[in-house]
Each structure stands twice: as structure tokens, then as C-alpha cells.
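S.K.: The structure under discussion is supplied below as C-alpha cells; questions concerning it will follow.
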Amino acid sequence: MNITKPQLDALEHFRNQALTHKDKSLSTLKHISTMSDISELEFKYAIENIKNKAQVALHFHPDRLDPNNETVTENLLKSGRYKSQFETFMSNGSVSAHPSGERDLWEQDLFGGSYSFEKCHASERPKYGALKIFNHADGPAPRFGSCYFLLKPEVTKRSTFTYMDSNSLPEAKGTLDEFDYILSELFTEIFLRDSALGEYEITPKKLVNWFNNDSYFNFTDPRGLIIAKNLNHYIEAQVHGDIILSENVEALAIDPCFKNTKTGNLLQKLSEENNFDLFYHPGSVLSINNVPTDFRGPGMPSLAKRISDHDYFTAYEIGKASESVKLTPQSWEDLGSQTEILQELKLLWHVLVKFGTPLGS
Numbered sequence: 006m007n008i009t010k011p012q013l014d015a016l017e018h019f020r021n022q023a024l025t026h027k028d029k030s031l032s033t034l035k036h037i038s039t040m041s042d043i044s045e046l047e048f049k050y051a052i053e054n055i056k057n058k059a060q061v062a063l064h065f066h067p068d069r070l071d072p073n074n075e076t077v078t079e080n081l082l083k084s085g086r087y088k089s090q091f092e093t094f095m096s097n098g099s100v101s102a103h104p105s106g107e108r109d110l111w112e113q114d115l116f117g118g119s120y121s122f123e124k125c126h127a128s129e130r131p132k133y134g135a136l137k138i139f140n141h142a143d144g145p146a147p148r149f150g151s152c153y154f155l156l157k158p159e160v161t162k163r164s165t166f167t168y169m170d171s172n173s174l175p176e177a178k179g180t181l182d183e184f185d186y187i188l189s190e191l192f193t194e195i196f197l198r199d200s201a202l203g204e205y206e207i208t209p210k211k212l213v214n215w216f217n218n219d220s221y222f223n224f225t226d227p228r229g230l231i232i233a234k235n236l237n238h239y240i241e242a243q244v245h246g247d248i249i250l251s252e253n254v255e256a257l258a259i260d261p262c263f264k265n266t267k268t269g270n271l272l273q274k275l276s277e278e279n280n281f282d283l284f285y286h287p288g289s290v291l292s293i294n295n296v297p298t299d300f301r302g303p304g305m306p307s308l309a310k311r312i313s314d315h316d317y318f319t320a321y322e323i324g325k326a327s328e329s330v331k332l333t334p335q336s337w338e339d340l341g342s343q344t345e346i347l348q349e350l351k352l353l354w355h356v357l358v359k360f361g362t363p364l365g366s
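Note that the sequence shown covers residues 6 to 366 in our numbering.
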């Protein structure tokens, strides 16, 4: 994999920032290890397993339309690449991937000026995912999509990391070879709260024992794993360099609501053409009567009722509504602008993640 100068500079910037906190991070990790009866050898082996085996997941909504009214999956089939927002002009948040736009300025700040329109092509920009530390069926960051690619471990080596979402410019940053700052944040949270990143009733000792199991990081059928419903807590990963589906993807986990649909058939074709495995995770379904008014706004129940012909909804219904907003905006004018309605549908997805129950396959 060829890494360009802006990408190398971004990796080096994160590496240098992690180094400035290395002594404190190592001291924190040593203290927690001592207090948790973790030997130096146990801890070292666990960290080596992370560095050699941990994988990045890329969440996405497969049926969202781009500015040309083609779906994400159709674009993936056409290009064979996973692209950044600076190429797709699509986002789960603010679409500001243009010169001096909010995302452009934020990325320049995050990566120390390594990326800008003057220094790099749009295709060189980083792609965003989350590090899979825990084996959750719905992936490490389901707020960003109902389906997720699991990348091969070698991609992790050319990624940078922030503890939590980089949009808030968190202090804890790192690369895989300078990972102590990220680890100190993770182990500190577990040490103080017995929880982290959507995992509960966990201790530092228990986590090290998991990491020391040589099969822990092996990908398994997600239908047998727990659903974490983890909306807000993750180790964000920024992947530098191309993501070629046929070379860099190990598996694809999709929501069973897409089974026997056009989107589901295209996802199956995507896996076959690019030679990676496809799995169904448990998915999520929510009764319209159970949509709360005090999470993501009082308008969520009426929006859920509007998008579904049933007494429940899934990611499929949210996707069809998003498509309708793009293709027939006049039928949604009573709810506001296109941007406002798409934002409300994104929030309804958060509701489904948080309160839904397994759909099954």
C-alpha cells in the first residue's frame, strides 16, 4: 500500500502527540496493572495481541443516496473503494467537505495541517471508523450505520486513533506503535467505572485475560454476540491510504432487514465480487408505540409512524424515507427543509439503535 506524504505527515503528527504523553501514560498503566494484579508479562502479551490482531470497523448506511441519487452500495460496487466524504459529499453529520468548510478546517487542526485542499487530493483524505476492542454484534460504533465492514489487521497499522469522537478534538491520540495514551484512557475508565465503550461489569484484569486469549480477536458470526447499543463511546479510527474492498475487507456484517431486498442483493453481490464474507448481525426493530418522546426529541414518535406502514420500523424504513426525502421533497415540505428532515431521520436511527430489539435473520 502506497502512503502519500500528507498521509505520512498525519501519522507522524499523531505519533508525536502521543509521545508527549508517553511517560504519564505508562505510569498510569503500571499503576492500574499493579492495583489489578496484572503481571508485566500478561500486560505485554495483551498489548501485542491488540497491535497484531485488532481491526477497524467502518459503519455505513447502505441505502443512502449520494448527490447523483445513487446508493452507497451502488457506488461501492462501481468503484471497489471505500471513499471519504471529500469524494462522496455524503455524511452522517455536517456536509462541509469543501475548501475552508467546517470539516476541512477541523481536519487541518486535527492532523496538524497535514491535510488541506492545497496539499492533497480528495482521495487522500482519511476514512473514519472505530477500533473493534469488544465483540459486539452491532459493531463498535452503530450510530454511524446499520452495516459495517471489518477491515484486515494490516489496515490498523496505518490508522490513527482518538479516544472518543475526533470532532471534539480530544487530547488522547495515538498510532498503533504509540498506543499508550489511548490504552491509558481505556484502562482508566474501566478501573474507575467498571465499564467502557459499551461494555459493562468489566475490570482491567478481565480485559487483559480476554486480550490474552489468542482467539479473542478472531471474527465470528455476529448473530451469537451481544448487542451493545453503544451510541456515544468508541475509539475512533482514522484510516490513512486507500481502502480497496477486494484487498482490505475481511467481512461485512449487515442488518437482516435488508434480506431479500434490492439493497441486500447488492450487498451480497458486493461480497461475492470482492471476495469477502457476508454475515447478518441481529439487527434492530422497534414498535412505534415504544418510541420515546424524551430521547432525540418529542417529534420522534410521529416521524416513526409516518415512515412505516406497520406498527414497527427498522433501518429499512428509515432508508426508504431518506430516499423519498431526496427524490420527492415536495411530499415532506410540511416538516421543514430537506436538510432538517434528513437530520430528524438520523436522530430516529439513534432511537432505533438505543431502544430497538433484535430483529433476527
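Glycine included, C-beta positions come from ideal geometry on N, C-alpha and C.
#1: If you follow the alpha helix (DSSP H) that L81 is part of, which residue opens it and which one closes it?
#2: DSSP three-state label for A233, please.
#3: Taking N88 as part of the beta strand (DSSP E), name the residues at either end of that continuous run.
#4: Compute the Euclidean distance between the alpha carbons of G98 and R301, then round it to the nearest angstrom.
#5: Spatial neighbours of K162 within its chain, please: CB distance less than 7 Å, with the 5 preceding and 5 following residues excluded, ordered by chain position.
#6: Going by the DSSP bridge assignment, what does L115 pair with across the sheet?
#7: Might you give, ordered along the chain, the residues of its own chain that have their beta carbon closer than 6 Å to the beta carbon of A146, omitting 5 neighbours on each side?
#8: Would you call the region 106 to 124 and the region 13 to 20 in contact, with 3 or more CB pairs under 8 Å?
#9: Could you spell out where the alpha helix (DSSP H) holding K49 opens and where it closes?
#10: Under the rule that 16 or more other beta-carbon atoms within 10 Å means buried, what is H26, buried or exposed?
#11: Kindly indicate which residue of E322, E241, P67, W354 has the alpha-carbon position closest to the one of L174.
#12: So for S289, helix, strand or coil by DSSP?
#13: Count Cβ pairs between the region 201 to 215 and the region 40 to 49 that sit closer than 8 Å; are there 3 or more?
#14: Let me make sure I understand the geometry here. Which of A201, A256, S289 has the alpha-carbon closest to that of T225?
#15: Taking only the alpha-carbon atoms, compute the straight-line gap between I346 and C152 and give it to the nearest angstrom.
#16: Return the CA-CA distance between F149 and L352, expressed in angstroms with no decimal places.
#17: Among all the DSSP beta bridges, which residues are the ones paired with C262?
#18: Do you know whose CA, among V254, E129, I52, L24, lies nearest V61's CA?
#19: Indicate whether the contact test is met: 3 or more Cβ pairs, each with one atom in the region 120 to 132 and one in the region 86 to 96, closer than 8 Å.
#20: How about L357 and I323: do their beta carbons lie closer than 9 Å?
#21: So, helix, strand or coil for K178, using DSSP?
#22: Is Y205 helix, strand or coil by DSSP?
#23: From I37 to H315, what does the alpha carbon distance come to, in whole angstroms?
#24: Between which two residues does the alpha helix (DSSP H) harbouring T39 extend?
#25: Around the C-beta of Q243, are 16 or more other C-beta atoms found within 10 angstroms, so that it is buried, or is it exposed?
#26: Return the chain-ordered list of same chain residues with a C-beta closer than 6 Å to the C-beta of E112, the five sequence neighbours on each side being excluded.
#27: Return the residue from the list L34, P67, H66 that minimises the CA-CA distance to A51.
#28: Tell me which residues share the same chain as K58 and place their Cβ nearer than 6 Å to its Cβ, disregarding the 5 neighbours each side in the sequence.
#29: Just to check my reading of the structure: I8 and H245 have Cβ atoms closer than 8 Å, yes? What is that Cβ distance to the nearest angstrom?
#30: DSSP state of V213, grouped into three classes?
M.R.: Once the coordinates are examined:
#1: 77 to 84
#2: coil
#3: The amino acid at residue 88 is misidentified as Asn; the sequence shows Lys. No beta strand (DSSP E) holds K88; DSSP gives it neither H nor E.
#4: Because G98 sits at a pLDDT of 47, beneath the cut-off of 50, its placement in the model cannot be relied upon, and the following sentence gives the value as read from the coordinates. Cα to Cα, the separation comes out at about 15 Å.
#5: L181
#6: DSSP, once it has assigned bridges, lists no residue as partnering L115.
#7: H64, A135, Y239
#8: The region 106 to 124 is in contact with the region 13 to 20.
#9: Per DSSP, K49 belongs to the alpha helix (DSSP H) from 45 to 58.
#10: The residue in question, H26, is buried, as its Cβ has 16 or more Cβ neighbours within 10 Å.
#11: E241
#12: Under the three-state reduction of DSSP output, S289 falls in the coil class, being neither helix nor strand.
#13: yes
#14: A256
#15: 22 Å
#16: 11 Å
#17: Paired residues: none, contrary to the question.
#18: V254
#19: yes
#20: Against a cut-off of 9 Å, the Cβ pair of I323 and L357 comes out as a contact.
#21: strand
#22: Of the three classes helix, strand and coil, the one that applies to Y205 here is strand, per DSSP.
#23: 51 Å
#24: 27 to 40
#25: buried
#26: Y120
#27: L34
#28: P158, F222
#29: 7 Å
#30: helix
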